[in-house]
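Since the structure comes first, as structure tokens, the remarks are kept for the end.
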Amino acid sequence: MNKVSSNTEKDDGFFLPSFESHSSVAVLILVAELFALVLAVLNSGLQQFNWEWLGLISFFVQWVVLLSAVLLQWLRPWLCRLPLASAAILSYLLVLLVTALVSVLGQSVWIGTGFLTDVDSHWRLFQHQLVAAVMLGIAWRYFYLQFLLQKQQQAQLLAKIEALQARIRPHFLFNSMNSIASLISIDPAAAEQAIEDLSDLFRASLNTSSVRVALQDEIALCQGYLRIEKFRMGERLQVDWQLEGDLSSTMLPSLSLQPLIENALYHGIAPIAEGGCIRIKVYYRDDCCHIEVINPVARESTSSHSGNQLALENIRSRLWAIYGERGRLVLNSGKDRFSVLMVLPNDF
Numbered sequence: 001m002n003k004v005s006s007n008t009e010k011d012d013g014f015f016l017p018s019f020e021s022h023s024s025v026a027v028l029i030l031v032a033e034l035f036a037l038v039l040a041v042l043n044s045g046l047q048q049f050n051w052e053w054l055g056l057i058s059f060f061v062q063w064v065v066l067l068s069a070v071l072l073q074w075l076r077p078w079l080c081r082l083p084l085a086s087a088a089i090l091s092y093l094l095v096l097l098v099t100a101l102v103s104v105l106g107q108s109v110w111i112g113t114g115f116l117t118d119v120d121s122h123w124r125l126f127q128h129q130l131v132a133a134v135m136l137g138i139a140w141r142y143f144y145l146q147f148l149l150q151k152q153q154q155a156q157l158l159a160k161i162e163a164l165q166a167r168i169r170p171h172f173l174f175n176s177m178n179s180i181a182s183l184i185s186i187d188p189a190a191a192e193q194a195i196e197d198l199s200d201l202f203r204a205s206l207n208t209s210s211v212r213v214a215l216q217d218e219i220a221l222c223q224g225y226l227r228i229e230k231f232r233m234g235e236r237l238q239v240d241w242q243l244e245g246d247l248s249s250t251m252l253p254s255l256s257l258q259p260l261i262e263n264a265l266y267h268g269i270a271p272i273a274e275g276g277c278i279r280i281k282v283y284y285r286d287d288c289c290h291i292e293v294i295n296p297v298a299r300e301s302t303s304s305h306s307g308n309q310l311a312l313e314n315i316r317s318r319l320w321a322i323y324g325e326r327g328r329l330v331l332n333s334g335k336d337r338f339s340v341l342m343v344l345p346n347d348f
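Each residue of the sequence shown is one higher than the last, beginning at 1 in the working numbering.
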């Protein structure tokens, strides 16, 4: 499945693959050589296979393929600005033009060296153009279908991520409203501050334009959320932030840390009469950002501390959808504490 992403090749909206990476060029050369081999077999057969003819065809095909790839890559920024149909036709005609030029130059050289005769040279040129036109039509159709499939997968993935976000939003917004309601009659000034913090939460929860946000912005959002809960719980709630590294350079799914903190508060701190401390650690190891949320667990609790499984599973699904196997959510339950570790690739 294609990931939403930025660690992969940038999507410039063009249906032809990019040839800027070494692996793409290597695959292109391999496919071209296999095509040359098929043409050589069809021309001379397996029993009387002509290696010289294979070399001749390979030389011609590789020149056409590599020159076309260079020109298409060079013109790619300009082609991307054109309507898709116009870009497809122009790129198709460009490769046919390259094929014709290589055919003319190649035949001139080979006829001059005596390897070929000039008999039926025009017919050979027509054959080259016909084969190129058919193969290009098949290739362009394949690339276009792959392009549509990729767009469809990306749209489905984005819809899935937004649906998972939507399932998280009502839960913490409802709890925040309850916190503010309890403050209005006790401390109006604190309630006003809580409303300002809640407006930031609303703004973030209703923002569907960004799948990922900077870690420092997510932390600021969580600090506002904790201020709301601090007004309600008082000294029962303590928070220990242990942050290291450049938080502005790390991106993570929007509203992915806040549910973890909410989970720690409602399933860890709230059941304990004297309250406790939520420890939030951010550190970097092995090109990954580690975000760990640790909370105490009531000792008299007989059930395992699983917390809000829906929120945790939603976050795990969002991490997998964006990062694949490189994004992880690890739960660790002990006798007196529960921790959630979120691992994000820092080079994404």
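From the three backbone atoms N, C-alpha and C, an ideal C-beta is built for every residue, glycine too.
In the DSSP assignment, Pro-253 falls outside any alpha helix (DSSP H) and within the unbroken beta strand (DSSP E) covering 251–253. Judged by DSSP in its simplified three-state form, Asp-240 adopts strand. Under the three-state reduction of DSSP output, Val-297 falls in the coil class, being neither helix nor strand. Listed in chain order, the non-local C-beta contacts of Glu-229 below 7 Å within the same chain comprise Ser-179, Leu-237, Leu-265, local neighbours out to five positions each way being set aside. Closest option to Trp-241, judged by alpha-carbon separation, among Asp-287, Ser-199, Glu-292, Gly-275: Glu-292. Below 8 Å, too few C-beta pairs join the region 141–148 and the region 180–200 to call them touching: fewer than three.
In the DSSP assignment, Tyr-266 is bridged to no other residue. The beta carbons of Leu-243 and His-290 sit about 12 Å from each other, so the pair does not count as a contact at 8 Å. Under DSSP, Ser-333 shares a beta bridge with Phe-338. If you compare the alpha carbons of Arg-326, Ser-248, Glu-52, Phe-338 with that of Arg-299, the shortest gap goes to Phe-338. If you look at Gly-55, you'll find it in the alpha helix (DSSP H) that goes 51–80.
Leaving aside the five residues that flank Trp-140 on each side, the residues in its chain whose CB is nearer than 7 Å to its CB run, in chain order, Ala-88, Tyr-92. Under the three-pair Cβ rule at 8 Å, the region 309–318 does not count as touching the region 215–226.
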